[in-house]
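Novice: This is the structure, below, for whatever I ask next.
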Amino acid sequence: MKNRPFLMATLTVAGLFLLFLLLIVGAGSFLGDTGMVHAGERIGILDVEGTIDDPTELLQQIGEFREQEGVRAVVLRINSPGGSVGPSQELYEELKLLGQEKPLIVSMGSVAASGGYYLAIAGDRIFANPGTITGSIGVIMSFPNYQELMGKVGVRTEVVKSGRFKDIGSGSREFSEADRELLQTVIDDVHGQFVEAISKQRNLSLEQLKTFADGRIFTGRQAREIGLVDELGGFRVAVDYAAKQAGLENDPELIFPEPKRGNWLERYLDSALSRYLGVKLESKHVSGPQYLWSTP
Numbered sequence: 178m179k180n181r182p183f184l185m186a187t188l189t190v191a192g193l194f195l196l197f198l199l200l201i202v203g204a205g206s207f208l209g210d211t212g213m214v215h216a217g218e219r220i221g222i223l224d225v226e227g228t229i230d231d232p233t234e235l236l237q238q239i240g241e242f243r244e245q246e247g248v249r250a251v252v253l254r255i256n257s258p259g260g261s262v263g264p265s266q267e268l269y270e271e272l273k274l275l276g277q278e279k280p281l282i283v284s285m286g287s288v289a290a291s292g293g294y295y296l297a298i299a300g301d302r303i304f305a306n307p308g309t310i311t312g313s314i315g316v317i318m319s320f321p322n323y324q325e326l327m328g329k330v331g332v333r334t335e336v337v338k339s340g341r342f343k344d345i346g347s348g349s350r351e352f353s354e355a356d357r358e359l360l361q362t363v364i365d366d367v368h369g370q371f372v373e374a375i376s377k378q379r380n381l382s383l384e385q386l387k388t389f390a391d392g393r394i395f396t397g398r399q400a401r402e403i404g405l406v407d408e409l410g411g412f413r414v415a416v417d418y419a420a421k422q423a424g425l426e427n428d429p430e431l432i433f434p435e436p437k438r439g440n441w442l443e444r445y446l447d448s449a450l451s452r453y454l455g456v457k458l459e460s461k462h463v464s465g466p467q468y469l470w471s472t473p
């Protein structure tokens, strides 16, 4: 019984500490979900970082910049090797709508390749560093095959399907020539959509594009020589150009969208996992054709 006051004090302190944490998490969630509220005339910054898989957050940011009258121009900063076809195309279309209402200037970081370049062509003007890796105008689709491994461990998969191609890409069976021919038609069509978009946005003929739209990469300097980018320069150069296009003074105020997903604790864990383990809380396996520059 002598220890009871100490136990009660310990439980009280622990309870208060837990309540404090819950209040912080709740506040973080509330603040993380609030929209951008700014006054005056500014330049909005959209940041595309990493592979393009889930476009939800960026689509919301694009919509907010379209609605804000105080955002006079937008700089799209791209540091991405590309990603899934559908999200890349969806973002491209929304960025074009944004560019119809306000100057949209693109600043390429270290990499703006494949799907990353697809987003870039929505801009009014594209800036790249001389050593930026860009291009990779192509489509890729890959499937792991573990048929031999399954045979070695004595595992077999039985499949019931409605048509001969229903399990196309399955790793448990041999990849047939008919499978390859069918998927090649899909790849060629999606690649054609990419090339047509570049031709329209960059004023390059399809004949010109055929000479280099085969997946090869370029430096920023090489890309400028063939018309894939407009000027060489970094982020600050792109911002100054955007300010001039919007009629703003030099060194304008920049606004960055608030993260919309989750609370501060989720964002902290996501950042830590990404930094130390190379994984993300929201990472998902995405199959299908990819506008992606694949690196080892």
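By the count of this note's numbering, the sequence shown reaches residue 473 at its end, each step adding exactly one. For each residue, glycine too, the CB sits at the ideal point set by N, CA and C.
(1) Out of Ile239, Val283, Glu226 and Ser287, point me to the one whose CA is closest to Glu270's CA.
(2) Between which two residues does the beta strand (DSSP E) carrying Leu381 extend?
(3) For Gly212, which residues from the same chain have a beta carbon less than 8 Å from its beta carbon, with the 5 sequence-adjacent residues on both sides left out?
(4) Between the stretch 242 to 257 and the stretch 411 to 426, are three or more C-beta pairs nearer than 8 Å?
(5) For the candidate residues Thr233, Tyr295, Gly340 and Arg302, whose alpha-carbon lies nearest to that of Asp417?
(6) For the stretch 383 to 413, which segments carrying the alpha helix (DSSP H) assignment without a break, of at least 4 residues, lie completely within its bounds, in sequence order?
(7) Which of the three DSSP states, helix, strand or coil, is assigned to Gln467?
(8) Under a Cβ-count criterion, where at least 16 other Cβ atoms within 10 Å of its own Cβ denotes burial, should Glu383 be classed as buried or exposed?
(9) Confirm, please, whether the CB-CB distance from Pro258 to Val288 is below 7 Å.
(10) Mark Leu296 as exposed unless 16 or more other C-beta atoms lie within 10 angstroms of its C-beta, in which case mark it buried.
(11) Would you check if the stretch 391 to 402 and the stretch 304 to 311 touch, i.e. whether three or more CB-CB distances between them fall below 8 Å?
(12) Could you check if Phe274 is buried or exposed, using at least 16 other CB atoms within 10 Å of its CB as the buried criterion?
(13) Spatial neighbours of Ser324 within its chain, please: CB distance less than 8 Å, with the 5 preceding and 5 following residues excluded, ordered by chain position.
(14) Can you tell me whether Gly410 is buried or exposed? The criterion is at least 16 other CB atoms within 10 Å of its CB, across all chains shown.
(15) Taking only runs that begin and end inside the stretch 341 to 384, name each unbroken alpha helix (DSSP H) of 4 or more residues, in chain order.
(16) Take the Cβ of Gly328 as the centre, count every other Cβ of all protein chains shown within 10 Å, and call the residue buried at 16 or more, exposed below.
(17) Which of helix, strand or coil does DSSP assign to Leu425?
(18) Using only the alpha-carbon positions, how far apart do Ala290 and Val330 sit?
(19) Tell me which same chain residues have a C-beta within less than 6 Å of the C-beta of Thr334, skipping the five on either side of it?
(20) Using the Cα positions of Asp231 and Ile255, report the straight-line distance between them to the nearest angstrom.
(21) Spatial neighbours of Gly221 within its chain, please: C-beta separation below 6 Å, excluding the five flanking residues on both sides.
(22) Is DSSP giving Ile310 helix, strand or coil here?
(23) So Val367 packs on Pro466, CB below 8 Å; how close in whole Å?
(24) My parser needs the beta strand (DSSP E) runs of 3 or more residues fully inside the stretch 251 to 308; what are they?
(25) Nearest by alpha-carbon distance to Val225: which of Ser284, Pro280 and Glu218 is it?
(26) According to DSSP, simplified to helix, strand and coil, what is Glu430?
(27) What residue from Ile229, Ala374, Leu268 and Leu360 has the CA that sits closest to Leu236's CA?
(28) If I measure Cβ to Cβ from Ile403 and keep anything under 7 Å in the same chain, skipping five residues before and after, which residues do I get?
(29) Can you check which of these residues, Gly315, Lys343 and Ser353, is closest to Val365 by C-alpha distance?
(30) Ends of the alpha helix (DSSP H) at Glu244?
(31) With distances taken Cα to Cα, identify the nearest neighbour of Phe141 among Gly292, Trp470, Ile282 and Lys421.
Specialist: In terms of the structure at hand:
(1) Locating residue 270 in the sequence shown gives position 93, counting from the first residue. Glu270 has its Cα closest to that of Ile239, out of Ile239, Val283, Glu226 and Ser287.
(2) Position 204 of the sequence shown, counted from the first residue, corresponds to residue 381. No beta strand (DSSP E) contains Leu381, which DSSP labels as neither H nor E.
(3) Position 35 of the sequence shown, counted from the first residue, corresponds to residue 212. For Gly212, the pLDDT reaches just 45, beneath the cut-off of 50, and the residue's location in the model is therefore unreliable, although a value from the coordinates is still provided. The residues are Glu241 and Glu435.
(4) yes
(5) Against the sequence shown, residue 417 aligns to sequence position 240. Checking every option, the nearest Cα to that of Asp417 belongs to Arg302.
(6) 383 to 387 and 397 to 402
(7) Stepping through the sequence shown from its first residue, residue 467 is reached at position 290. Residue state, collapsed to three classes: strand.
(8) As a working note, residue 383 is residue 206 in the sequence shown. Reading off the sequence shown, one finds Leu at residue 383, where the question assumed Glu. With fewer than 16 other Cβ atoms within 10 Å, it is exposed.
(9) Counting from 1 along the sequence shown, the entry for residue 288 is found at position 111. Counting from 1 along the sequence shown, the entry for residue 258 is found at position 81. Taking 7 Å as the Cβ cut-off, Val288 and Pro258 qualify as a contacting pair.
(10) For this step, residue 296 is matched to residue 119 along the sequence shown. Leu296 comes out buried.
(11) yes
(12) Along the sequence shown, one-based indexing puts residue 274 at 97. Note that residue 274 corresponds to Leu in the displayed sequence, not to Phe. Burial call: exposed.
(13) As a first step, residue 324 must be located in the sequence shown, where it is residue number 147. Checking the sequence shown, residue 324 turns out to be Gln, not Ser. Gly348, Ser349, Arg350 and Glu351.
(14) Taking the sequence shown and counting its residues from 1, one reaches residue 410 at position 233. When all chains shown are included, Gly410 counts as buried.
(15) 354 to 379
(16) Within the sequence shown, residue 328 is the residue found at index 151, counting from 1. Gly328 should be labelled exposed.
(17) Taking the sequence shown and counting its residues from 1, one reaches residue 425 at position 248. DSSP places Leu425 in coil when its eight states are reduced to three.
(18) Your numbering for residue 290 matches position 113 in the sequence shown. Your numbering for residue 330 matches position 153 in the sequence shown. Near 40 Å, if we compare the C-alpha coordinates of Val330 and Ala290.
(19) Numbered from its first residue, the sequence shown carries residue 334 at position 157. Around Thr334: Ser349.
(20) Residue mapping note: residue 231 aligns to position 54 of the sequence shown, counting from 1. Residue mapping note: residue 255 aligns to position 78 of the sequence shown, counting from 1. Their backbone Cα atoms lie some 16 Å apart in a straight line.
(21) Position 44 of the sequence shown, counting from 1, holds the residue named residue 221. Excluding sequence neighbours, Gly221 sits near Phe242, Val248, Val251 and Ile432.
(22) Start at 1 with the first residue of the sequence shown, and residue 310 comes out as number 133. If DSSP states are grouped into helix, strand and coil, Ile310 belongs with the strands.
(23) Within the sequence shown, residue 367 is the residue found at index 190, counting from 1. Within the sequence shown, residue 466 is the residue found at index 289, counting from 1. Going by Cβ atoms, the distance from Val367 to Pro466 rounds to 5 Å, so yes, they are a contact pair.
(24) 259 to 261, 281 to 290 and 302 to 305
(25) Within the sequence shown, the letter at position 48 stands for residue 225. Val225 has its Cα closest to that of Ser284, out of Ser284, Pro280 and Glu218.
(26) On the sequence shown, residue 430 is found 253 positions in, with the first residue counted as 1. Here Glu430 sits in coil by DSSP.
(27) Residue numbering aside, residue 236 sits at position 59 when the sequence shown is read from its first letter. With distances taken between Cα atoms, Leu236 lies closest to Leu268.
(28) Translated into the one-based positions of the sequence shown, residue 403 becomes position 226. The residues are Phe389.
(29) In the sequence shown, residue 365 corresponds to position 188, counting from 1. Val is not the amino acid found at residue 365; the sequence shown has Asp there. Residue Gly315 is the option with its Cα nearest to Asp365.
(30) Residue numbering aside, residue 244 sits at position 67 when the sequence shown is read from its first letter. Looking at the DSSP string, the run of the alpha helix (DSSP H) that includes Glu244 is Thr233 to Glu244.
(31) Outside the displayed range of the chain (178 to 473) lies residue 141, so it cannot be described from this structure.
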